[in-house]
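*Asks:*
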Amino acid sequence: MKIEVSKVLHKYQVTLPKGVREKMDLTVGEQVLFIKTEQGLIMKKVTLDLIEKIMMEK
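Position 27 of the sequence shown, counting from 1, maps to 81 under the numbering used here, and the rest follow consecutively.
#1: Would you tell me roughly how many angstroms separate the C-alpha atoms of Met78 and Ile108, rounded to the nearest one?
#2: Please work out which residues of its chain come closer than 6 Å, Cβ to Cβ, to Leu87, disregarding the five sequence neighbours upstream and downstream, and give them in chain order.
#3: Hey, how far is the Cα of Lys90 from the Cα of Ile96?
#4: What is the DSSP secondary structure of Met55, reduced to helix, strand or coil?
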């Protein structure tokens, strides 16, 4: 497990560390989804597959 840290800025903005951006294959303008669980938060890249999966669960 690799730990990376970011700072929360005055508008609650956070810059994702380079390793996280690369691991998630994120580019400027893409969206991420935050899922609250008992263990903490999960962050996922918003994709068509993810949207379809969420819609099927409703």
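C-beta: ideal position from N, C-alpha, C; glycine also.
*Replies:* The structure says:
#1: 19 Å
#2: Lys98, Val100
#3: 7 Å
#4: coil
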